[in-house]
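S.K.: The structure follows.
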Amino acid sequence: MSKKMSSNTRNKIISTILVTSSVWLMAIAGAYYVSEYANINLPTLNKNSKAPVIIAKRVINEGELINEGDIEEKIIPINNIAKNTINVKKDLIGKITVNKLEPNEQIKKYDVTLKENQNNTLRPYSIPIKLENLSDLSINSNDFIDVMVVYPKNNNAKTKQVKSSDVVAAKLKVEYMADTSGNIVKHIGNGESEGQKTPSLLVVKASLEEIQSIEQARREGNLLFLKYSDKNARKTNVTYSK
Numbered sequence: 001m002s003k004k005m006s007s008n009t010r011n012k013i014i015s016t017i018l019v020t021s022s023v024w025l026m027a028i029a030g031a032y033y034v035s036e037y038a039n040i041n042l043p044t045l046n047k048n049s050k051a052p053v054i055i056a057k058r059v060i061n062e063g064e065l066i067n068e069g070d071i072e073e074k075i076i077p078i079n080n081i082a083k084n085t086i087n088v089k090k091d092l093i094g095k096i097t098v099n100k101l102e103p104n105e106q107i108k109k110y111d112v113t114l115k116e117n118q119n120n121t122l123r124p125y126s127i128p129i130k131l132e133n134l135s136d137l138s139i140n141s142n143d144f145i146d147v148m149v150v151y152p153k154n155n156n157a158k159t160k161q162v163k164s165s166d167v168v169a170a171k172l173k174v175e176y177m178a179d180t181s182g183n184i185v186k187h188i189g190n191g192e193s194e195g196q197k198t199p200s201l202l203v204v205k206a207s208l209e210e211i212q213s214i215e216q217a218r219r220e221g222n223l224l225f226l227k228y229s230d231k232n233a234r235k236t237n238v239t240y241s242k
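Following full-length UniProt numbering, the numbering of the sequence shown begins with 1 at its first residue and continues without gaps.
Rendered as structure tokens:
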């Protein structure tokens, strides 16, 4: 005669059945999930997507202060964007270049540094020019110039300016003149230049304080550039208006 099954044994069997059933149910559910969702297309970044970057508009030499006119935003394919490229103009304006930048070159974070603390440190500075603003069409590298601002007549009335003009930076050394592509323009006399290129940029050595004065003057009036006839003179031979 068989012995009756003990309650402990019965409970173990029931537990085993429940666990086995749970495992099977989970397996069935997992298989259903895979069959339903395995082929879902997750969003991916299109290789043809584009994004903004900041590039140099001209040759920007090492140590130059970056102005708004020196750079521009360009939209290019993301696959062509270099690592650590800066994509906001305001993050570059007023900073100093660490490396020389070529036209259309993407500007990276390590290409620039913060403004130097010493205001008297000289660095290259580019000023947009027109031929009619030059006192002497033979200005070349290593010449010295004064930068003058001529205030508009209506500005004098509104701001009660005492002077119609003023010198904003004195005896700056000319590094070179360049055309719109950044190519150096060298004058050969009588206002003519090699290859008949028209200069559009005047690059000088200036301190941060002088640069700030010139930038302010550009907003207030028209700039004139006066050449020193004598490099040993303390000022140009031009009589400034009062």
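Beta carbons are placed, not taken as given, at the ideal position from N, Cα and C, and that holds for glycine.
All figures in this text were calculated on a predicted structure; none of them were measured in a lab.
Name the two residues that bound the continuous alpha helix (DSSP H) containing alanine 217.
M.R.: Residues 208-220.
S.K.: Is the region 138-153 touching the region 172-186 in the sense that three or more CB pairs, one from each, lie closer than 8 angstroms?
M.R.: In short, these stretches touch, since the Cβ pair count reaches three.
S.K.: Would you mind sorting threonine 97 into buried or exposed? The rule is 16 or more other CB atoms within 10 Å of its CB.
M.R.: Threonine 97 comes out buried.
S.K.: Could you tell me which whole alpha helix (DSSP H) segments of length 4 or greater appear in the UniProt domain "SAF" (51-113)?
M.R.: Taking only runs of at least 4 residues, no alpha helix (DSSP H) segment lies wholly in the UniProt domain "SAF" (51-113).
S.K.: Looking at C-alpha atoms only, which residue of Lys50, Ala51, Pro52, Gly63 is the closest neighbour of valine 203?
M.R.: Comparing Cα-Cα distances from valine 203 to each of Lys50, Ala51, Pro52, Gly63, the minimum goes to Gly63.
S.K.: What residue range does the beta strand (DSSP E) around serine 126 cover?
M.R.: Element bounds for serine 126: 123-128.
S.K.: Nearest to serine 229 by CA position, among Asp146, Lys89, Ile127, is which residue?
M.R.: Closest by alpha carbon: Asp146.
S.K.: Assuming proline 103 and lysine 57 are in contact, meaning their beta carbons sit under 8 angstroms apart, how far apart are those beta carbons, in whole angstroms?
M.R.: That belief holds up - the Cβ atoms of proline 103 and lysine 57 are roughly 7 angstroms apart, short of 8 angstroms.
S.K.: According to DSSP, simplified to helix, strand and coil, what is lysine 171?
M.R.: Here lysine 171 sits in strand by DSSP.
S.K.: Is it a yes or a no for the region 71-88 touching the region 124-137, going by three-plus beta-carbon pairs under 8 angstroms?
M.R.: In short, these stretches do not touch, since the Cβ pair count stays below three.
S.K.: Report all residues from its chain with a CB closer than 7 angstroms to the CB of alanine 233; omit the five preceding and five following residues, and keep chain order.
M.R.: Nothing listed; no residue qualifies.
S.K.: Buried or exposed: where does glycine 221 fall if 16 or more other Cβ atoms within 10 Å of its Cβ makes it buried?
M.R.: Buried: at least 16 other Cβ atoms inside 10 Å.
S.K.: Nearest CA to the CA of valine 185: which residue from Ser207, Ser138, Ala206?
M.R.: For the residues Ser207, Ser138, Ala206, the minimum Cα distance to valine 185 belongs to Ser138.
S.K.: Quick one, are the C-beta atoms of leucine 65 and glycine 94 less than 9 angstroms apart?
M.R.: In contact: leucine 65 and glycine 94 (Cβ atoms closer than 9 angstroms).
S.K.: From which residue to which residue does the beta strand (DSSP E) around isoleucine 145 run?
M.R.: That run of the beta strand (DSSP E) goes 144-150.
S.K.: Does the separation of the CB atoms of tyrosine 110 and lysine 205 fall below 9 angstroms?
M.R.: Cβ distance not < 9 angstroms, so tyrosine 110 and lysine 205 don't count as in contact.
S.K.: What three-state label does DSSP hand leucine 202 in the structure shown?
M.R.: Strand, per DSSP.
S.K.: For alanine 227, is the classification buried or exposed, using 16 other Cβ atoms within 10 angstroms of its Cβ as the cut-off for buried?
M.R.: Sequence inspection shows lysine at residue 227; the alanine mentioned does not correspond to that position. By the 10 Å Cβ count, lysine 227 comes out buried.
S.K.: In its own chain, which residues sit with a C-beta less than 8 angstroms from the C-beta of isoleucine 81, not counting the 5 before and 5 after it?
M.R.: Once the five neighbours on either side are set aside, the close Cβ partners of isoleucine 81 are Ala51, Val53, Gln106.
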